[in-house]
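The structure appears below as C-alpha cells.
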Amino acid sequence: MKYNIDSRGYYGKFGGAYIPEMLYPNVEELRENYLTVMEDPSFQKEFNSLLKDYVGRPSPLYFASRLSAKYETQIYLKREDLNHTGAHKINNTIGQILMAERLGKKRIIAETGAGQHGVATATVCALKGLECVVYMGEIDIERQAPNVARMKMLGATVIPARSGSKTLKDATNEAIRDWINNPIDTHYIIGSVVGPHPYPDMVAKFQSVVSAEIKSQLLTQTGKDAPDYVVACVGGGSNAAGAYYHYLENTDVKLIAVEAAGYGVNSGESAATSVLGKEGIIHGSKTLLMQTDDGQITEPYSISAGLDYPGIGPMHAHLFDTGRAEFVAITDNDAMNAGLELCKLEGIIPAIESAHALAIFEKKCFGKDEVVVLSLSGRGDKDLATYISHFNLI
0 MKYNIDSRGY YGKFGGAYIP EMLYPNVEEL RENYLTVMED PSFQKEFNSL
50 LKDYVGRPSP LYFASRLSAK YETQIYLKRE DLNHTGAHKI NNTIGQILMA
100 ERLGKKRIIA ETGAGQHGVA TATVCALKGL ECVVYMGEID IERQAPNVAR
150 MKMLGATVIP ARSGSKTLKD ATNEAIRDWI NNPIDTHYII GSVVGPHPYP
200 DMVAKFQSVV SAEIKSQLLT QTGKDAPDYV VACVGGGSNA AGAYYHYLEN
250 TDVKLIAVEA AGYGVNSGES AATSVLGKEG IIHGSKTLLM QTDDGQITEP
300 YSISAGLDYP GIGPMHAHLF DTGRAEFVAI TDNDAMNAGL ELCKLEGIIP
350 AIESAHALAI FEKKCFGKDE VVVLSLSGRG DKDLATYISH FNLI
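Residue 0 is where the sequence shown starts when you use numbering that gives the first Met the number 0, and the numbers rise one by one after that.
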C-alpha cells in the first residue's frame with residue numbers, strides 16, 4: 000500500500016485537480032514548476048536559512064514529564080507553538096513565498112480560519128515586500144480579533160467573507176474567486192493540505208520538516224528515530240501531514256488523527272469529517288466531505304476556528320480509507336479541558352486546535368513504555384478570549 004501522492008496527483012482515489020477552466024493556467028503553471036523549484040539548491044538554501052534564522056527551527060521536542068506521569072506513558076510534544084508567529088503555518092508560507100518569487104508573482108492572497116495562516120502569510124509578505132490580501136470568515140474575524148490586528152499591523156488587507164457559515168470554507172471560496180479574477184500576477188498561498196494538485200503535496204512537503212526533526216530529535220533523546228504513535232489534530236490537516244510525512248510508509252508507527260466533534264458527532268453541530276463525510280469535491284480536490292444526500296455542503300461547527308472545515312485533505316482521506324490512520328472525534332468540552340490541563344501540568348497554553356489532539360489521552364490508553372509524539376501545532380494566545388469565556392476566568 001502506498002500512502003504518498005502518485006504521479007497523477009492522487010492519494011489512492013482522493014486528490015486531483017477539479018478546477019474551473021479560468022484557473023487552469025495558474026494551477027498548471029504551479030504543477031509544472033513546483034518540484035523543479037523546490038529541488039533547486041538555491042531554493043533549498045534560502046528556505047532552510049529562513050527556517051533556522053527567521054522561524055527559529057528546529058522547534059524543540061519536549062518530554063512532558065508530568066503529563067506522561069498522569070497518563071502512564073511517554074509523551075513528547077513537538078513544539079510548533081514556539082515558531083515565529085506561534086504555529087506550524089509559517090513553515091509552509093516561507094516555502095510558498097519563495098515559490099511565488101521564483102514564479103514572478105507580485106501579489107499574494109490567502110484564506111484563514113483561526114488566523115494563524117493569515118498571520119504567517121502577512122508575515123512573509125512583509126518580509127519580501129509583496130502585497131497581501133487575506134480572506135477570513137466574518138465569524139472568525141470576531142473570535143480571532145488579536146490575529147486580525149496582527150495581520151493589519153503586518154500590512155495585510157483583511158477582507159471578511161459574509162456568505163454561508165462565514166467561516167473557513169467561505170473564506171476559501173472568496174480567495175478562489177479573487178484568484179480567478181487576477182490570474183497573472185497573483186499567487187494563492189493555500190494554508191493546508193487541501194485544494195487542487197499540486198497544493199496538497201507541496202504543502203505537505205514544506206511541512207515535512209516537522210517529522211524530519213522528530214526523527215533526529217527522537218533518536219538523540221531515546222535512541223530510536225520512530226515513536227509508537229504520532230498524534231495530531233486534523234482540520235484540513237497540514238500540521239498532521241507534516242508530523243506524519245516521514246512515517247507514512249513505516250506501518251510500525253501508528254498514526255492518530257483527531258477531529259473536532261463540536262457539540263457531538265451526531266449533534267448536527269460538528270466537524271468530524273471522517274465519521275460524517277462522503278466522497279465529494281471541495282475547493283478543487285476529491286476528498287471526504289460533509290454533505291447532504293443531494294451533494295450540498297453541510298455547514299461544519301467547532302469551537303476551534305482552525306478545525307471548522309467540512310472536509311479533510313486528500314492525504315488524510317486516503318489514510319482514513321485505508322485504515323493507515325485512526326481517526327478520533329473530540330468534543331469542544333473535552334478539548335477545552337485538555338487544553339487547561341496542559342496549562343496546569345506543563346505550563347504551556349495550547350491553541351484550541353492542539354487541545355483537541357491532547358484530549359486523546361482521556362480517550363485512549365497507551366502502554367507504559369510506548370512513545371507518543373504529539374504535534375503541539377500552535378500556542379493559545381489567539382484563543383484566550385475563548386478560554387476566558389469557557390472557564391469564566393475573569
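Yeah, the Cβ is synthetic: ideal placement off N, Cα and C, and Gly gets one too.
* Provide the residue span of the alpha helix (DSSP H) that contains Met314, from first to last. => 313 to 321
CB-CB under 6 angstroms to Val264, same chain, minus the five flanking residues each way: which ones, in chain order?
Ala271, Val274, Ala328
Exercise for the section: Measure the alpha-carbon distance for Ala356 versus Lys363 and round it to whole angstroms. Expected result: 12 angstroms
Looking at C-alpha atoms only, which residue of Leu339, Glu352, Asn238 is the closest neighbour of His315?
Asn238
Does Asp251 pass the burial test, meaning 16 or more other C-beta atoms within 10 Å, or should it be called exposed? exposed
Contact test: Ile281 Cβ vs the ligand FMN heavy atom, cutoff 7 angstroms:
With respect to the ligand FMN, the structure shown offers nothing to examine, as it has no ligands at all.
What is the rounded straight-line gap between the Cα of Thr321 and the Cα of Ile393? 46 angstroms
(request) Kindly indicate the opening and closing residues of the alpha helix (DSSP H) around Tyr33. (result) 23 to 38
query = Okay, do the segment 153 to 162 and the segment 126 to 139 touch, 3+ Cβ pairs below 8 angstroms being the bar?
reply = yes
ask   = Going by C-alpha distance, which of Pro24, Leu129, Gly117, Ser374 is nearest Val233?
value = Ser374
Q: Tell me the start and end of each unbroken alpha helix (DSSP H) in the segment 261 to 304 that is at least 4 residues and wholly inside, in chain order.
A: 272 to 275
Short of 6 angstroms in beta carbon distance, which residues of its chain neighbour Asp411, apart from the five on each side in sequence? Order them along the chain. Residue 411 lies beyond the range of the chain shown here (0 to 393); nothing can be said about it.
- Message: Using only CA atoms, which one of Asn180, Glu31, Pro145 lies nearest to Gly379?
- Response: Pro145
Task: Identity of the residue in Ala16, Gly279, Lys88, Ser388 nearest Glu27 by Cα - done: Ala16
- Quick one: residues in its chain with C-beta nearer than 7 angstroms to the C-beta of Glu100, no 5 flanking neighbours on either side, listed in chain order? Lys127
Candidates Leu247, Ala256, Lys88, of which the one nearest Glu325 by Cα:
Ala256
- Query: Opposite Tyr134 in the DSSP bridges: which residues?
  - Reply: Glu110, Ile158
| query | Is Pro19 helix, strand or coil by DSSP? | reply | coil
Q | For Ala174 and Glu110, believed in contact at Cβ under 8 angstroms, the rounded distance | A | 4 angstroms
- Message: Pull the bridge partners of Val371 from the DSSP assignment, please.
- Response: Ile74, Tyr228
Whole-number beta carbon distance between Phe13 and Lys277, since they are thought to touch under 8 angstroms: Not confirmed; about 12 angstroms, so no contact.
Hey, is the segment 29 to 39 in contact with the segment 213 to 231, meaning 3+ C-beta pairs nearer than 8 angstroms? no
Hey, how far is the Cα of His282 from the Cα of Thr171? 8 angstroms
Would you check if the distance between the CB atom of Ala304 and the CB atom of Gly85 is smaller than 8 angstroms? no
| Is Ser64 buried or exposed, if buried means 16 or more other CB atoms sit within 10 Å of its CB? | exposed
Determine the closest residue to Leu306 out of Tyr70, Ala350, Leu318, with distance taken between C-alpha atoms. Ala350
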